[in-house]
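Residue numbers (the working numbering): 335 to 652. What follows is a single structure, written as structure tokens, with notes after it.
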Amino acid sequence: MAKIIAGIGSSHVPAIGAALDNNKTEEPYWKRVFSGFEKSQEWMRQTKPDVAIVVYNDHASTFSVEMIPTFALGCAAEFPPADEGWGPRPVPVVEGHPALASHIAQSVILDEFDLTICNKMEVDHGMTVPMNLLFGKIDKTSHWPCPVVPLAVNVVMYPPPTGHRCYMLGRAIKKAVESYPDDLRVVIFGTGGLSHQISGPRAGLINSKWDKNFLDNLSKNPQKLIKIPHVDYMREAGAEGIEMVMWLIMRGALDDKVDEVYRFYTVPASNTAVGHIILANRERGAKIAARHKPAGKHKSTARHKRAAARAKVERVRG
Ligand SMILES: [Fe+2]
């Protein structure tokens, strides 16, 4: 049976992708951002998920004002990087998991969430930047470490889904994954945000107090977040801060009580606040980790290494 073992929240600022692609990660401005993900990459190397579900939004790459699905699930075998105006990012084609994606589509739609099924979809920085931040830089001729089920959410054109709807969709995805017969360890990403506004009189808006409160509640009290109306996101976190509702899909797919493994927050990257969090399910994660321990006299080594790595991770608060 498949299990969601952890959720990852990450900003998907396009300038981070450009900095990575143009080898600027050691420049002081960008090192501040990339160094905050070094421990996350180590955690990901230790965790080795079988599949990642990545909740993100398309930025007029696959969709446009002509067609705006609220929730679009990628069921294809592969998802090429999109041309975002300067050509596609030099990242590998994202390999899908059509069997799991189709299973999620069936389960979630029968639970009355009307997903759009996409059998052809290109993916932009909204997906590939968080993947780079967690998996590291990967040559475009190589492969991402695991297949991905993309879930695109409309947060670009009014009306986006409510935070409550997103959280409940996460709940339905959790149920879907747990009814998938294969023994898969799944992580789910929520991407976007945190506070930012890219145009208008308030361009450059960042609200660190709001962002940190959001991260606190995401970890300990997500029920507080699902009641937040769109207008509060717009006023407090800027027009594009509405992307944060996508993190609630990730949180809804986790257990009620989770362990906060890691947190990172820094401002700014381009004109956006960068937030990142890793939340792990408790017993299930431990049981699954134990199942993967090697046999023989060193059989607890892998689990202990993972526990030690988790213990060493520091909570970084900007
Ligand atoms: Fe975005």
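Note that beta-carbon positions come from the ideal geometry of N, C-alpha and C, so glycine has one too.
- Per DSSP, the continuous alpha helix (DSSP H) segment holding D566 begins and ends at H564 to A571.
- Under DSSP, S344 forms a beta bridge with T525 and H610.
- Per DSSP, reduced to three states, the secondary structure at E376 is helical.
- Within the same chain, and ignoring the five residues on either side of N453 in sequence, the residues whose Cβ sits closer than 6 Å to its Cβ are C409 and A410.
- The beta carbon of L518 sits closer than 6 Å to the beta carbons of A336, D384 and V385 from its chain, once the five residues preceding and following it are set aside; these are given in chain order.
- Rounded to whole angstroms, V579 and H459 show a C-alpha spacing of 18 Å.
- Distance from the CA atom of S395 to the CA atom of E617, rounded to whole angstroms, is 39 Å.
- Put simply, the backbone Cα of V428 is about 33 Å away from that of I562.
- Scanning the region 459-491 for uninterrupted beta strand (DSSP E) segments of 3 residues or longer gives 482-487, listed from N- to C-terminal end.
- Setting aside the 5 residues that flank it on each side, D392 is surrounded in the same chain by A486, each with a C-beta closer than 6 Å to its C-beta; the list follows chain order.
- For Y363, the enclosing alpha helix (DSSP H) covers residues P362 to F368.
- For K474 and P424, the gap between their C-alpha atoms comes out near 5 Å.
- In the three-state DSSP reduction, N551 falls in the helix class (H, G or I).
- Judged by DSSP in its simplified three-state form, Y501 adopts helix.
- Taking 7 Å as the cut-off, one finds at least one heavy atom of ligand 1 near enough to the beta carbon of G526.
- Ranked by how close their Cα comes to the Cα of S345, the residues A614, N615 and R597 have R597 in first place.
- In summary, H477 is exposed, with fewer than 16 beta-carbon neighbours lying within 10 Å of its beta-carbon over all protein chains present.
- With a cutoff of 7 Å, H393 counts as near ligand 1, since its C-beta is closer than that to a heavy atom of the ligand.
- By the Cβ criterion, the region 368-376 is not in contact with the region 536-556, since fewer than three pairs of Cβ atoms, one from each stretch, lie closer than 8 Å.
- Comparing alpha carbon positions, the residue from A571, L613 and Y501 closest to K558 is Y501.
- Contact check for A510 and H437: beta-carbon distance about 6 Å, within the 8 Å limit, so the pair qualifies.
- In the displayed model, V427 falls within coil according to three-state DSSP, outside both helix and strand.
- Residues A506, K509, A510 and S513 of the same chain have their beta carbon placed closer than 8 Å to that of S441, with the five preceding and five following residues left out of the count.
- A distance criterion of 7 Å places the beta-carbon of G572 beyond contact range of ligand 1, judged by its closest non-hydrogen atom.
- DSSP places R616 in no beta strand (DSSP E); its state is neither H nor E.
- In the DSSP assignment, V579 falls within the unbroken alpha helix (DSSP H) covering V579 to G586.
- When Cβ pairs closer than 8 Å are counted between the two stretches, the region 588-607 is seen to touch the region 343-360, the count reaching three or more.
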